[in-house]
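Taking it in order: structure first as C-alpha cells, then the write-up.
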Amino acid sequence: MSGPPKPPIFLQRQNYRQRRVRDAARFLPFLGAILWALPLTWAHDPEAAQIGSAGLIYIFGVWVLLIVLAAFLASRIRADPPPGSAEDPHT
Amino acid sequence: MMSFNALIIVALCYVTMLFAVAFWAERRAAEGRAGFLQSPWIYTLSISIYCTAWTFYGAVGYAARSGLEFVTIYLGPTLVMVGWWWVLRRLVRIGRAQRITSIADLISSRFGKSTMLGMIVTVISVIAGTPYIALQLQSVTLSFAVFAQVEGVTWQTAELNASAMWVAVGLAVFTILFGTRNLDANERHNGIVMAIAVEAVVKLLALVAVGVFVVWGIAGGPTQMLERIDSSEIVLWEQNGSRWISLIFLSGAAFLCLPRMFQVLVVENTDERHLHVASWAFPLYLFLMSLFVVPIAVIGLDLLPAGSNPDLFVLTVPLHQGQGGLAVLSFLGGLSSATSMVIVATIALATMVSNHIVVPIWLNRQANQHAMFSGDIRSVTLLARRLSIAAILALGFLYYRMSGGGTALAAIGLISFTGAVQILPAMLGGLFWRAATGIGAGAGLLTGLLVWMWTLFLPSFGVDAFISQAVMDNGIIGISWLRPQALFGISGMDPLVHGIMWSMILNTAMFVLFSLVTFPAPLERLQGAQFVNVFDHSTAARAWTAAAAGAEDLLIMSQRIIGSVKSQEIFEQEAIAQGKPGFLPEVTPAFIERLERELAGSVGAATSHAMIGQLIGGSSVSVEDLIAVADEAAQILEYSNRLEAKSAEQERTARALRDANTKLTALSIQKDAFLSQISHELRTPMTSIRSFSEIIGDGNMPQDTLNRYAGIIHDEAIRLTRLLDDLLDLSVLENGQVVLHEQTGKLGASLDRAVGAAGLHDGVLTVLRDESAEDITLTTDLDRLVQVFINLIANARKYCNADDPTLQIRVTRQSGKVHVDFIDNGSGISPENQELIFEKFSRVADQGKAGGAGLGLAICREIMMRLGGEVLYLPLEKGAAFRVILRTVETEAALEKT
Numbered sequence: 001m002s003g004p005p006k007p008p009i010f011l012q013r014q015n016y017r018q019r020r021v022r023d024a025a026r027f028l029p030f031l032g033a034i035l036w037a038l039p040l041t042w043a044h045d046p047e048a049a050q051i052g053s054a055g056l057i058y059i060f061g062v063w064v065l066l067i068v069l070a071a072f073l074a075s076r077i078r079a080d081p082p083p084g085s086a087e088d089p090h091t
Numbered sequence: 001m002m003s004f005n006a007l008i009i010v011a012l013c014y015v016t017m018l019f020a021v022a023f024w025a026e027r028r029a030a031e032g033r034a035g036f037l038q039s040p041w042i043y044t045l046s047i048s049i050y051c052t053a054w055t056f057y058g059a060v061g062y063a064a065r066s067g068l069e070f071v072t073i074y075l076g077p078t079l080v081m082v083g084w085w086w087v088l089r090r091l092v093r094i095g096r097a098q099r100i101t102s103i104a105d106l107i108s109s110r111f112g113k114s115t116m117l118g119m120i121v122t123v124i125s126v127i128a129g130t131p132y133i134a135l136q137l138q139s140v141t142l143s144f145a146v147f148a149q150v151e152g153v154t155w156q157t158a159e160l161n162a163s164a165m166w167v168a169v170g171l172a173v174f175t176i177l178f179g180t181r182n183l184d185a186n187e188r189h190n191g192i193v194m195a196i197a198v199e200a201v202v203k204l205l206a207l208v209a210v211g212v213f214v215v216w217g218i219a220g221g222p223t224q225m226l227e228r229i230d231s232s233e234i235v236l237w238e239q240n241g242s243r244w245i246s247l248i249f250l251s252g253a254a255f256l257c258l259p260r261m262f263q264v265l266v267v268e269n270t271d272e273r274h275l276h277v278a279s280w281a282f283p284l285y286l287f288l289m290s291l292f293v294v295p296i297a298v299i300g301l302d303l304l305p306a307g308s309n310p311d312l313f314v315l316t317v318p319l320h321q322g323q324g325g326l327a328v329l330s331f332l333g334g335l336s337s338a339t340s341m342v343i344v345a346t347i348a349l350a351t352m353v354s355n356h357i358v359v360p361i362w363l364n365r366q367a368n369q370h371a372m373f374s375g376d377i378r379s380v381t382l383l384a385r386r387l388s389i390a391a392i393l394a395l396g397f398l399y400y401r402m403s404g405g406g407t408a409l410a411a412i413g414l415i416s417f418t419g420a421v422q423i424l425p426a427m428l429g430g431l432f433w434r435a436a437t438g439i440g441a442g443a444g445l446l447t448g449l450l451v452w453m454w455t456l457f458l459p460s461f462g463v464d465a466f467i468s469q470a471v472m473d474n475g476i477i478g479i480s481w482l483r484p485q486a487l488f489g490i491s492g493m494d495p496l497v498h499g500i501m502w503s504m505i506l507n508t509a510m511f512v513l514f515s516l517v518t519f520p521a522p523l524e525r526l527q528g529a530q531f532v533n534v535f536d537h538s539t540a541a542r543a544w545t546a547a548a549a550g551a552e553d554l555l556i557m558s559q560r561i562i563g564s565v566k567s568q569e570i571f572e573q574e575a576i577a578q579g580k581p582g583f584l585p586e587v588t589p590a591f592i593e594r595l596e597r598e599l600a601g602s603v604g605a606a607t608s609h610a611m612i613g614q615l616i617g618g619s620s621v622s623v624e625d626l627i628a629v630a631d632e633a634a635q636i637l638e639y640s641n642r643l644e645a646k647s648a649e650q651e652r653t654a655r656a657l658r659d660a661n662t663k664l665t666a667l668s669i670q671k672d673a674f675l676s677q678i679s680h681e682l683r684t685p686m687t688s689i690r691s692f693s694e695i696i697g698d699g700n701m702p703q704d705t706l707n708r709y710a711g712i713i714h715d716e717a718i719r720l721t722r723l724l725d726d727l728l729d730l731s732v733l734e735n736g737q738v739v740l741h742e743q744t745g746k747l748g749a750s751l752d753r754a755v756g757a758a759g760l761h762d763g764v765l766t767v768l769r770d771e772s773a774e775d776i777t778l779t780t781d782l783d784r785l786v787q788v789f790i791n792l793i794a795n796a797r798k799y800c801n802a803d804d805p806t807l808q809i810r811v812t813r814q815s816g817k818v819h820v821d822f823i824d825n826g827s828g829i830s831p832e833n834q835e836l837i838f839e840k841f842s843r844v845a846d847q848g849k850a851g852g853a854g855l856g857l858a859i860c861r862e863i864m865m866r867l868g869g870e871v872l873y874l875p876l877e878k879g880a881a882f883r884v885i886l887r888t889v890e891t892e893a894a895l896e897k898t
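Residue numbers (this note's numbering), protein chains in the order written: chain A, 1 to 91; chain B, 1 to 898.
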C-alpha cells in the first residue's frame, strides 16, 4: 500500500504567491510583538532623560505600519472556499 | 450651557434612536433584506464593544496616572487581530461548523460536550464579568454627576445609586427585548448588532472630536501639542518591562476569552471573510480611539484644578472650555461605550447561564416526570435567558453598590480581564492539541480560578474585606509561601503581574499534566479531531452509530426545544432530501447528527447531546466505533490507491495495445507497398525477357541482333537473380534465420577484400585509407562485414557526383567501439531523404544509374544489427558519409581476459 495521497510539493506561481501571502499574514503579529517590545530597552531610570513624545510617536508609528501591512495582506489573501463547494480543492 | 434636564432628554432621545435602529434592523432582516447588515464593516464596528466606558473615560485617566501603559490595552487586541490567521480564523470556522453559542459552549463542546465544563466556564465568566458591568454603570452614573455638578448640584450616594439603577433597568429592557427574540443563540441578533455598530461610530466620533478640539482648539496644532506633552508633568515611560509585556498579553488574551468578545467575534459572525476586513479595520479603530488619549490627559492636567478626576477629563475638559455641545457628544460617546458593552455582555452571559446551568438542572429535575409538551424547553430556556439578563444586571448593580463606586472599582478592570483569561489555556489547547482532555481542561480552569481569586480577586475588595492583613503578610494558616501577593515566596512583584503569571502558569501546568495522564472519552476524541482538524475535510466519525429511536420521538423532542414550526421544517427538509416528501424521514445517523447540531444552536452542545442520547438509548459513539471508522478510512484509502494503481496499469496496457495496433497498421501498409514494389521490380526484367524471347522465337533475324537480344535476356535474368538473391538474403536476415560464422581477422584485410571486390578497377573512384588505424583485430562474421563494406563502397562509386570522386575510409576507436566511416566528396544526401535510405526499395538518385533494387542499405542495416553493431548516415559531413559501428573491441578485451 502506498501511503495517503500527498499534496503536491511544487505549486504553480499563483498558488505559490498565495501561500507566501498567508505566511506573511502568519508572521505579521510576531513583527508587531517584537517592534512593540522594543520600548523595554528604553531607559526607565527616573533620573535619566524622558523619552517623551518620541516614544509616543514610535508606538503609534508601529501601529500605522501594522494596519497598512494587514490591509495589504487582507486585500491579497484569498478566502478559503467553504467546505464542500465546487472551488474546494480538497473535494 | 445645557441644563441637566436637557441632557436627560438628549440621552433619552439617543436611546430611543437606538431602539428605532434596532427595530429597523430586525425588520429588515426578517424581510430577508439583511445584506447591508451583514457587511464586514458592521462586523468590525460590532467588535468595537471591546472599547467600553472604562476605556472611553478610563484610558485618559490611565494615561494621566501611568503614561503610555494605557496603550497596552489596545496593543494586545491589535496583535490578535492582525494575527487572525492563527486563532480567529480557526475559532470562527469551528463556531460555524459546530453552531457554538458561547465560549462556555465552545469549551464544553470541544471536551466531549461536557455539562460540567460548561458550568465551570460560565461561573468563571460571571464572576469575572459582573465587576466589569458594575464599572460601566459607574461610568455612566459619574458622567451624569458631572453634568449635575455643572448646575451646582453635587450628587450624593443616593442620587448616584438611583441613576445607576435606572441605567441598569433600561439596559435590561433593551437587552431582553432584542437579545432574546430568537432562541437560537447561534443566529445573529441583527437589531443589537446594528445598534452597537451605531454606538461604535458615536463613541469614535465623540472621542476624536474631543481630541481634535484639544489638539487644534487648545494646544494650537500637533507640533505645539507634542511640545506640551514633553514639557508636561505626565511621565510617559516609567514602568518596568514586566507590566508592559504582561498587559499586552493580558489584553490580547482577554480579547479572545471575554464572553462578549467571543459573542461578537464568533457567534455573531455571518461570514468568515469579514475577518479579512476586520483584521486591519479594527486595529485602525483602536488606533483612532487611543490617538488622542495622551493629548487629552496632558491638557486636562494642565487646565483643570489639581485633584480633578482624570477619569472624566473627556467630559470635563470640553465643559471647562465652555464647549457644551462637545461635552454632550462626549457624554453620548461614554453612554454608547457603556451600553453596548453591557448589552452584549449580558446576552453572552445569559446564554451561558441558561444553556449551561439552568436548563441542565431543570432537565435533570424533570427527568422522571412525563409532563412534556411542545416548546416547553424552549419557553424554559427563553425565560431563563430573560431572567439571567435581569439577574446579571442586578448583580452588576449590587456589586456597584457594595463596592461603593470608588476607585477600588476602577482597579478591577484588569483583574476582571485576568479572570476571563483563565479560559485561554483550555481554549487554545482545545484548538491545537488533540490530546487535550476534559479532565485536563477542568483541572486547569479550576486551578486558574482558584489562583486568580486568591491572588487578585479577593484582595481587590481591600484589606480585611475577605482577606485580612495578617493573611496578606503571613499567608494562610501561617504558610508564608501562600501569601496572596507573594506566592511561593516570590515577593516584590507587581501584584497584577504576579497574579497573571502564577494563574496562567499553574492553570496551564494542570491542564497539560491532567491531559497527559488521563484518557479522553470517545466523544471527546471525536470532537477533538473535529476541532483541531477543522480545515481538513477528512472523513469524520459519526457521533451516533445506531438509531434506536423513531422519527416521531425525535420530532416530539425537537419540538420541545425549538418549537413545532421550526422542527417540522427541519424534518420536512430531511424527508425531501431522503426522497420521501410528506412522510417522516428515516432516522439515519447523519440525520441525528444534523438535528443535534440544530438543537445545539439553541440550547448548547451538551444539553442537545444529552437529550438525544436519552432518546436513542445512549448508543453513542464508542472507542471501537472510532477505531472502526479509522480502519474504514484506511481501507477506503487503500482501496482507492489500489484502484489508482490498477487504472494506471490499464492505462499502460491500453497504450501498449494502441502502439501495437499502430505498428501493425503500418506494417500492413508496408507489406502492401512491398508487394506492389516487388511485383514492379520483378515485372520490369520479366517484361523485357518475355518480349525479347518472343522476338527471338519469331526467327528471321541476323546473328548479331540475335546475340544482342540473347545478351539482354541474359542480363535481365542476372538482374532478376540478383534481385531474388537480395530478397532472400533480406528475408533471412529479417527473420533472424541467418547463421553467423565467426572468424577472427584484421579490419584492414577485410577492407582490402571489400575494395577489391567493389569493382573499382575502372579507376572511377579513388579510395583514401589509413593503414595504421586499420590494424584492429576483429572477431565477427567477416564475410558479412565485407558485404556491408562492399555495398557502401559500391554506393559511393555509383552515386558520388563529384568531378574527381574520392572515398575516404576513416577508422577511429571510440569508447570501446570501432567506427569505420565511409565519406565521399559528392553532394551527399538531402536531409529529407536521409531517413529513407535504409528502407527497402528506396532509391534516392535516378534509377538508370543505380541499377539496383534499393535493397543494399536495408541489407546492410540488417547485417549490422545481427553483428551487434550499427550503420548510420552521418549528416554533418560534406559528402555522403556512412558510419559502421562495430562492437568488437569488447569481445577482444573479453577474449584477452579469458
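Quick reminder that beta carbons are idealized off the backbone N, C-alpha and C, glycines included.
Residue i versus residue j - alpha carbon distance
i                : j                : result
Gly444 (chain B) : Phe262 (chain B) : 20 Å
Thr721 (chain B) : Lys646 (chain B) : 55 Å
Val767 (chain B) : Ser815 (chain B) : 27 Å
Arg273 (chain B) : Val342 (chain B) : 27 Å
Val208 (chain B) : Val21 (chain B)  : 23 Å
Glu774 (chain B) : Leu765 (chain B) : 20 Å
Arg887 (chain B) : His819 (chain B) : 9 Å
Ile392 (chain B) : Ala384 (chain B) : 12 Å
Whether residue i touches residue j by CB criterion (8 Å)
i                : j                : result
Ser242 (chain B) : Met81 (chain B)  : no
Arg260 (chain B) : Ala345 (chain B) : yes
Leu301 (chain B) : Ile229 (chain B) : no
Ala575 (chain B) : Phe583 (chain B) : yes
Val87 (chain B)  : Asn269 (chain B) : no
Chain-ordered chain B contacts of residue i [CB-CB under 8 Å]
i               : result
Arg26 (chain A) : Gly83, Trp85, Trp86
Proximal residues of chain A, C-beta to C-beta of residue i below 8 Å
i                : result
His819 (chain B) : In chain order: nothing, as chain A lies at least about 43 Å away.
Val71 (chain B)  : Ile59
Arg273 (chain B) : Ala79
Trp216 (chain B) : Simply none; closest approach about 17 Å.
Val277 (chain B) : Ala74
Phe255 (chain B) : Residues of chain A passing the Cβ test: none, with the nearest at roughly 12 Å.
Cβ-based burial, residue i [other Cβ within 10 Å; buried from 16]
i                : result
Leu675 (chain B) : exposed
Gly61 (chain A)  : exposed
Lys849 (chain B) : The pLDDT assigned to Lys849 (chain B) is 46, lower than 50, so where the model puts this residue is not dependable, and the model offers no usable value.
Val153 (chain B) : exposed
Amino acids of chain A, ordered along the chain, whose beta-carbon sits closer than 9 Å to that of residue i
i                : result
Trp244 (chain B) : Trp36, Ala37, Pro39, Leu40
Val421 (chain B) : The premise fails here: Val421 (chain B) is roughly 17 Å from chain A at the closest Cβ pair, so nothing lies under 9 Å.
Test: residue i CB closer than 8 Å to a CB of chain C
i                : result
Pro305 (chain B) : The structure shown has no chain C; the protein chains it does contain are A and B.
Chain B residues whose Cβ lies nearer than 7 Å to that of residue i
i               : result
Leu66 (chain A) : Thr78, Val82, Pro283
Query raised in the report: On the three-pair Cβ rule with 8 Å, is the stretch 784–800 of chain B touching the stretch 742–760 of chain B?
Result: yes
Query raised in the report: Any chance the stretch 115–126 of chain B sits against the stretch 348–363 of chain B, with 3 or more Cβ pairs inside 8 Å?
Result: yes
Query raised in the report: Does the stretch 420–435 of chain B come within contact of the stretch 249–257 of chain B, defined as at least 3 CB pairs closer than 8 Å?
Result: yes
Report task. Flag this pair as touching only if the stretch 684–693 of chain B and the stretch 708–722 of chain B have three or more C-beta atom pairs under 8 Å; answer yes or no. Result -> yes
Query raised in the report: Are three or more beta carbon pairs between the stretch 204–221 of chain B and the stretch 32–44 of chain B nearer than 8 Å?
Result: no
Query - Contact between the stretch 449–459 of chain B and the stretch 517–530 of chain B (3+ Cβ pairs under 8 Å) - result: no
Query raised in the report: Pairing CB atoms from the stretch 737–750 of chain B with CB atoms from the stretch 868–882 of chain B, are three or more of them under 8 Å?
Result: no
Requested in this report: Check whether the stretch 1–16 of chain B touches the stretch 319–332 of chain B, counting contact only when three or more Cβ pairs, one atom from each stretch, lie closer than 8 Å.
Outcome: yes
Requested in this report: Determine contact between the stretch 665–681 of chain B and the stretch 694–705 of chain B, defined as no fewer than three beta-carbon pairs at a distance below 8 Å.
Outcome: no
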